[in-house]
Amino acid sequence: MWWDRLIEERIKAAQEQGQFSNLPGEGRPLPRDDEPSSEYWAAHRLLRKNGLLPEWLQLRKEIWEERKAVRAALDEYRSAAARLNPADPGHAAILRRLERRYIELARQINLKIDLHNIRCPSMAHELVRFPEDLIARERARWQRAQD
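Everything in the sequence shown is counted per our numbering, starting at 251 for the first residue and increasing by one.
Written as structure tokens, this is what we have:
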């Protein structure tokens with residue numbers, strides 16, 4: 251796999267530059283604080299111990315936190331749409347502003363989701379994008395139901 255080759259090349263280059271010399275615990279086996287669940291357990295342990303994550307996992311953490319804001323914006327729009335009259339110009343302006351806020355947040359998080367999906371090692375880890383046109387589709391469905 252290309253990932254394994256890339257890791258091996260980077261390790262070899264770091265060894266040649268002496269970046270692994272005089273490290274704490276040099277020459278001793280790594281302590282096993284958990285049972286190896288995969289062939290990458292040592293690498294994962296080192297990353298975890300040093301507070302480092304691969305880029306795609308860092309993006310996943312950020313997405314996990316930011317998705318709350320996107321869902322809150324959608325909930326706020328739905329709540330306002332349930333109590334406001336879209337025929338009233340003032341209410342329609344509020345609804346448009348709330349819809350634009352949701353769309354902007356969805357676009358921002360979708361950029362991160364796209365980058366995450368490009369960087370993650372397997373399709374099984376890919377994340378689903380937020381539909382930027384969700385409110386427009388819901389509004390169209392509601393209008394069809396009214397007709």
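C-beta: ideal position from N, C-alpha, C; glycine also.
In this structure, residue 355 sits away from residue 345, with a CB-CB distance that is not shorter than 9 Å. With a cutoff of 9 Å on beta-carbon distance, residue 358 and residue 316 are scored as near each other.
For residue 373, there are no CB contacts under 8 Å within the same chain when 5 residues up- and downstream are skipped. Distances from the alpha-carbon of residue 308 to those of 365, 394, 388 and 264 put 365 closest. For residue 325, the uninterrupted alpha helix (DSSP H) segment begins and ends at 305-333.
Under the DSSP assignment, residue 356 falls in the alpha helix (DSSP H) whose first and last residues are 339-369. In chain order, 360 and 363 place their CB closer than 6 Å to the CB of residue 379, counting only its own chain and leaving out the 5 sequence neighbours on each side.
Shown here for residue 376: same chain residues with a beta carbon closer than 8 Å to its own, the five before and five after excluded, namely 366, 367 and 370 in chain order. Annotated three-state conformation of residue 266 is helix, per DSSP.
Bounds of the alpha helix (DSSP H) holding residue 386 are 384-396. Per the coordinates, the alpha-carbon of residue 322 lies some 16 Å from the alpha-carbon of residue 383. Within a 10 Å sphere around the beta-carbon of residue 312 sit fewer than 16 other beta-carbons, which makes this residue exposed.
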